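Respectively, the protein sequence lines represent chains A and G.
Mapping to our numbering: the first sequence position 35 is 202, numbers consecutive.
Mapping to our numbering: the second sequence position 99 is 131, numbers consecutive.
Quick reminder that beta carbons are idealized off the backbone N, C-alpha and C, glycines included.
Bear in mind the structure is a predicted one, so any value in this text is a computation, not a measurement.
Worksheet: the structure to be examined is printed underneath.
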Amino acid sequence: AQKITQTQPGMFVQEKEAVTLDCTYDTSDQSYGLFWYKQPSSGEMIFLIYQGSYDEQNATEGRYSLNFQKARKSANLVISASQLGDSAMYFCAMRVPSSGTYKYIFGTGTRLKVLA
Amino acid sequence: DAGVIQSPRHEVTEMGQEVTLRCKPISGHDYLFWYRQTMMRGLELLIYFNNNVPIDDSGMPEDRFSAKMPNASFSTLKIQPSEPRDSAVYFCASSSGGRHPYEQYFGPGTRLTVT
Chain A
168 AQKITQTQPG
178 MFVQEKEAVT
188 LDCTYDTSDQ
198 SYGLFWYKQP
208 SSGEMIFLIY
218 QGSYDEQNAT
228 EGRYSLNFQK
238 ARKSANLVIS
248 ASQLGDSAMY
258 FCAMRVPSSG
268 TYKYIFGTGT
278 RLKVLA
Chain G
33 DAGVIQSPRH
43 EVTEMGQEVT
53 LRCKPISGHD
63 YLFWYRQTMM
73 RGLELLIYFN
83 NNVPIDDSGM
93 PEDRFSAKMP
103 NASFSTLKIQ
113 PSEPRDSAVY
123 FCASSSGGRH
133 PYEQYFGPGT
143 RLTVT
C-alpha cells in the first residue's frame with residue numbers, strides 16, 4: 168500500500184542549529200514525486216521542496232534540502248540554520264501515478280518548535 | 033497577485049443542514065484540489081480537477097459530499113446533509129500542472145463546525 172510515514176510527532180531545535188525531519192515512504196511505482204509542506208499556526212499550507220524519483224541530486228531550496236535515499240525509501244527534510252519562524256507543522260507527501268492520473272498521499276506531520 | 037480564495041472562513045451549522053464551501057483558484061492554474069484536515073485523520077485529498085474536469089474523487093468520503101467546478105475560476109464543495117463528523121478544516125489548493133504540478137498553492141481554509 169502506498170503510504171507516507173512521519174515517525175516524529177514533535178521535535179525541538181535550538182535557533183541557528185540544523186534539524187532533520189524524517190519521512191519514509193512506501194510505493195511500488197518507479198516514478199513518483201516527494202514533497203514537503205509547512206503549516207504555521209496560522210493554518211495555511213506552504214510548499215517547500217520537491218524531489219522526483221529519477222532526480223539524481225538532492226533537491227535544495229534555500230535553507231531547505233531533501234535528503235533523498237531511494238534504496239531506504241526515505242525523503243528527510245533538512246532545515247539549516249533554524250529560525251524562530253520555522254516553528255510549524257511539517258508534512259511530507261508523495262505523488263504517485265494511479266489509473267492514468269495521480270494520487271497524493273500526505274503523512275501525519277511533525278510539529279517543529281525552534282527555541283530561542 | 034491574489035492567492036487562492038476560500039469562503040466562508042468559518043462555518044457553523046447544525047446537523048442535517050446543507051453546507052457549501054467555495055473556492056477561487058489562482059488565475060491560470062489548471063489544477064484544483066479539495067482537502068480535509070482533522071486531528072484524527074490528518075490531511076486527506078478529497079477530489080481534484082484538471083481543466084474543470086474531476087480527475088480523482090476517490091477521497092470523497094460518501095455520497096453526502098459533492099464537488100463541482102463550473103468554470104476555471106470557481107469551485108464548490110457541498111455537504112448534504114452535514115454530520116458532526118464532517119467538522120474539519122477544508123482546504124482548496126491550485127497548481128499550474130504544466131510547470132509545477134506538485135507545487136500546490138493552498139487557500140486559508142474553511143473551518144467547518146457541525147453541531
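Rounded separation between residue i and residue j - CA only
i, j, result
"Gln169 of chain A", "Ile213 of chain A", "23 Å"
"Asp88 of chain G", "Ser265 of chain A", "9 Å"
"Ile55 of chain G", "Leu215 of chain A", "Residue identity check: residue 55 of chain G is Cys in the sequence provided, not Ile. Whole-angstrom Cα-Cα distance: 23 Å."
"Asp253 of chain A", "Gly274 of chain A", "19 Å"
"Glu43 of chain G", "Ser198 of chain A", "40 Å"
"Ala260 of chain A", "Phe235 of chain A", "13 Å"
"Thr277 of chain A", "Thr145 of chain G", "25 Å"
"Ser98 of chain G", "Ala104 of chain G", "17 Å"
"Thr191 of chain A", "Pro40 of chain G", "36 Å"
"Asn84 of chain G", "Thr108 of chain G", "12 Å"
"Ser232 of chain A", "Ser114 of chain G", "42 Å"
"Thr194 of chain A", "His61 of chain G", "28 Å"
Within chain G, partners of residue i - CB distance below 8 Å
i, result
"Thr275 of chain A", "Gly74"
"Tyr271 of chain A", "Phe65, Leu77, Tyr80"
"Phe179 of chain A", "In chain order: nothing, as chain G lies at least about 21 Å away."
Contact list for residue i against chain A, beta-carbon separation under 9 Å
i, result
"Pro140 of chain G", "Ser209, Gly210, Glu211"
"Phe97 of chain G", "Residues of chain A passing the Cβ test: none, with the nearest at roughly 17 Å."
Proximal residues of chain G, C-beta to C-beta of residue i below 7 Å
i, result
"Tyr289 of chain A", "No answer is possible for residue 289 of chain A: the residues shown for chain A start at 168 and end at 283."
Within chain G, the residues that residue i reaches when beta carbons sit closer than 9 Å
i, result
"Thr268 of chain A", "Tyr80, Asn82, Ile87, Asp88"
Classification of residue i by the beta-carbon crowding that lies within 10 angstroms, buried from 16 upward
i, result
"Leu78 of chain G", "buried"
"Asp95 of chain G", "exposed"
"Val51 of chain G", "buried"
"Val186 of chain A", "buried"
"Asn243 of chain A", "buried"
"Arg68 of chain G", "buried"
"Tyr22 of chain G", "Nothing about residue 22 of chain G can be reported from this structure: the residues present for chain G run from 33 to 147 only."
"Met101 of chain G", "buried"
"Asp196 of chain A", "exposed"
"Tyr217 of chain A", "buried"
Listed by chain order, chain A residues near residue i by CB distance under 8 Å
i, result
"Val51 of chain G", "Near Val51 of chain G there are no residues of chain A at all, since even the closest Cβ is about 19 Å away, more than 8 Å."
"Phe123 of chain G", "Met212"
For residue i, the residue or residues it bridges with in DSSP
i, result
"Gly229 of chain A", "Gly229 of chain A is not bridged to any residue."
"Ser42 of chain G", "Inspection of the sequence shows that residue 42 of chain G is occupied by His rather than by Ser. For His42 of chain G, which the question treats as bridged, DSSP gives the partners G:Arg143."
"Gln181 of chain A", "A:Leu282"
"Pro86 of chain G", "G:Phe81"
"Ala255 of chain A", "A:Leu279"
"Ile58 of chain G", "DSSP, once it has assigned bridges, lists no residue as partnering Ile58 of chain G."
*In the stretch 232–246 of chain A, which residues sit with their C-beta less than 7 Å from some C-beta in chain G, listed in chain order?*
Correct list: empty, as no residue qualifies.
_Contact residues within the stretch 216–232 of chain A, judged by C-beta distance below 7 Å to chain G_ = Flagged, chain order: Tyr217.
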